[in-house]
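Going by this note's numbering, the letters in the sequence shown line up with residues 116 to 621, in that order.
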Amino acid sequence: METKSIKTALISVFDKDGIDKIVKELDKNNVKIISTGGTKSYIENLGIKVTSVEELTGYPSILGGRVKTLHPKIFGGILGKRDNNDHISQMQQMEIPEIDLVIVDLYPFEKTVEATDNEAEIIEKIDIGGISLIRAAAKNFKDVVIIPSKKYYSDLLNILENNNCQTTVDERKSFAKAAFSVSSNYDTAIYNYFKTDDLETFRYSNDNGMELRYGENPHQKGKFFGDFNKIFNQLHGKQISYNNLLDITSAVDLISEFDELTVAILKHTNACGLASRTILTEAWKDALAGDPLSAFGGIIITNTKIDSETAIEIDKIFYEVIIAPDYDKEALEILSKKKNRIILVQKTKVEPRLQLRNVLNGVLVQEKDTKIVSAEDFKYVTDKKPSQSEIEDLIFANKLAKNSKSNTIVLAKNKQLIASGVGETSRVDALKHAIEKAKNFEFELKGAVMSSDAFFPFADSVEIAHKQGITSVIQPGGSIKDQDSIDFCNKNNMSMVFTGFRHFKH
116 METKSIKTAL
126 ISVFDKDGID
136 KIVKELDKNN
146 VKIISTGGTK
156 SYIENLGIKV
166 TSVEELTGYP
176 SILGGRVKTL
186 HPKIFGGILG
196 KRDNNDHISQ
206 MQQMEIPEID
216 LVIVDLYPFE
226 KTVEATDNEA
236 EIIEKIDIGG
246 ISLIRAAAKN
256 FKDVVIIPSK
266 KYYSDLLNIL
276 ENNNCQTTVD
286 ERKSFAKAAF
296 SVSSNYDTAI
306 YNYFKTDDLE
316 TFRYSNDNGM
326 ELRYGENPHQ
336 KGKFFGDFNK
346 IFNQLHGKQI
356 SYNNLLDITS
366 AVDLISEFDE
376 LTVAILKHTN
386 ACGLASRTIL
396 TEAWKDALAG
406 DPLSAFGGII
416 ITNTKIDSET
426 AIEIDKIFYE
436 VIIAPDYDKE
446 ALEILSKKKN
456 RIILVQKTKV
466 EPRLQLRNVL
476 NGVLVQEKDT
486 KIVSAEDFKY
496 VTDKKPSQSE
506 IEDLIFANKL
516 AKNSKSNTIV
526 LAKNKQLIAS
536 GVGETSRVDA
546 LKHAIEKAKN
556 FEFELKGAVM
566 SSDAFFPFAD
576 SVEIAHKQGI
586 TSVIQPGGSI
596 KDQDSIDFCN
606 KNNMSMVFTG
616 FRHFKH
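What follows is the structure, given as structure tokens:
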């Protein structure tokens, strides 16, 4: 492994936290330091000698600091090959010093986009010199060490302290890989800021990876790329798993549809319990009643603060994860008794515009289904109109159908999930499954409503629903045989509404 000594370093960083230790170590080893602007002033305030970029190049910083390091004496010193006689000769002739270490921390473009809508301010945070330094030093990793962000300050300090300012080619190559990761992520963020059509091209980059215990199964490796801590505070429990994240995502998507106090229980991304009530304990008990067997080992989510009374009831069953916007102190103490139980506080809503899914040798990209159907969308297609309570139940059931695996049928009554059939290959099978589950848990189907994620191709589903006492139906409509279902409803005093919105979920 070819070892190189660091004799000259160029430092230009936005975030200076931790750079003092590096600078002091370089100075201790008699490394010449070159810098400019705020970084130069910071180093000087440490009492350490520093050569300005302007002194080296003989050219001042211009255009309000937009052009400082973009000069042949800087980039020649970085890109010059130490084993190329022609390069060395030219560098000597033009008095270009060899630069062995480049430390950069870029302007915080992404944080600026999050913090402001001011375009001028955002544009000024597009780093030009810094990104150029990173790419140049990474390209010449055989001779130059590149530290592309504050994330790697500690790695460099460890090398400086333990190896007397010497690096191996493997270390330099590893830093070069990190550098191109930083630069590609930075450019992707800039491109996505300028992009006006989400489906025009596909660019995604994320360096923020969270280790998972394993993938979907123990023999598969898994990792989550995103900012989990931006959305949640984990108050208690074991490490989040791949399957936990799938269920948590489905739970968050479902609960976001509801403004009134609601509790949902999910298993394998589908809801097995759901109820909206004015009192939390009642919402919990009615949600659990929907399918107490499937609730075992599931995910619980609510859109209100969990109190101690409800926590006592919830603690009676085994579950993996519980999510709420807050918890009473006593409730948290009760729920924390099981050491592996994952307790999450949801701090903010999740509002991605796009959904991504890998297929074959590519990626499917689509707009997220954000449509929440209301009574204003209803097309009343039958002679009988649904009552006000039925309208509320139809909207309730439709929200759940939208967030369940296709084909799905949802049966609901009094804003409670009675039963659902999900992920079936036929809509009739989904309905039969839902009816069977409702009867198993001794629910009365008379007066219940039915929601379907897609249209009924035949009248058979409404015929079966009628036999069970279901009185109102909500569906997108759009089948060439819609009239058959409408005619049956009219003959049997059932109401049915079309929404015009299909909600397939595969």
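For every residue, glycine included, the Cβ atom is placed at its ideal position computed from N, Cα and C.
- Judged by DSSP secondary structure, Arg472 falls within the beta strand (DSSP E) whose first and last residues are Leu469 to Val474.
- By the Cβ-count criterion, Ser521 is buried, with 16 or more other Cβ atoms from all chains shown falling within 10 Å of its own Cβ.
- Taken in chain order, the unbroken stretches of beta strand (DSSP E) that lie wholly in the segment 178-258 and span 3 residues or more are 216-220.
- For Ala426, the CB contacts under 6 Å within the same chain, skipping 5 residues up- and downstream, are Ala446, Ile449 and Leu450 in chain order.
- Where Ser150 is concerned, the enclosing beta strand (DSSP E) starts and stops at Lys147 to Ser150.
- In this structure the segment 581-591 lies against the segment 608-616, because at least three pairs of beta carbons, one per stretch, are closer than 8 Å.
- Per DSSP, Ala512 is one residue of the alpha helix (DSSP H) stretching across Gln503 to Lys517.
- If you draw a 10 Å sphere on the C-beta of Tyr306, you find fewer than 16 other C-beta atoms in it, and that means exposed.
- In the DSSP assignment, the residues bridged to Glu482 are Leu469.
- Counting other Cβ atoms within 10 Å of its Cβ, Asn513 reaches 16 or more and is therefore classed as buried.
- Considering only Leu272, Ser299, Ile261 and Leu275, the residue with the shortest C-alpha distance to Lys288 is Ile261.
- Among the bridge pairs identified by DSSP, Leu271 is matched with none.
- Excluding its 5 nearest sequence neighbours in each direction, Ala574 has C-beta neighbours in its own chain below 6 Å: Asp599, Ser600 and Phe603, listed in chain order.
- Rounded to the nearest whole angstrom, the CA to CA distance from Ser594 to Lys353 is 48 Å.
- With the rule of 3 Cβ pairs closer than 8 Å, the segment 330-347 does not count as touching the segment 288-305.
- Here DSSP, grouped into helix, strand and coil, assigns Gly536 to strand.
- From the listed residues Pro572, Ala553 and Val564, the smallest Cα separation to Arg542 is found for Pro572.
- Going by beta carbons, Leu327 and Phe339 fall inside the 8 Å limit.
- Separation of Ile211 and Gln205 (C-alpha to C-alpha, rounded to the nearest whole angstrom) is 8 Å.
- Leu275 is positioned such that its CB atom lies no closer than 8 Å to that of Val217.
- Counting only unbroken stretches of 4 or more residues, the alpha helix (DSSP H) elements lying wholly within the segment 518-605 are 542-555 and 575-582, in sequence order.
- Note on geometry: alpha-carbon atoms of Pro263 and Ile177 lie some 24 Å from one another.
- Inter-segment contact for the segment 470-484 and the segment 309-326 is present: three or more beta-carbon pairs are separated by less than 8 Å.
- If you look at Ile449, you'll find it in the alpha helix (DSSP H) that goes Lys444 to Leu450.
- Secondary structure of Ile355 (DSSP, three-state): coil.
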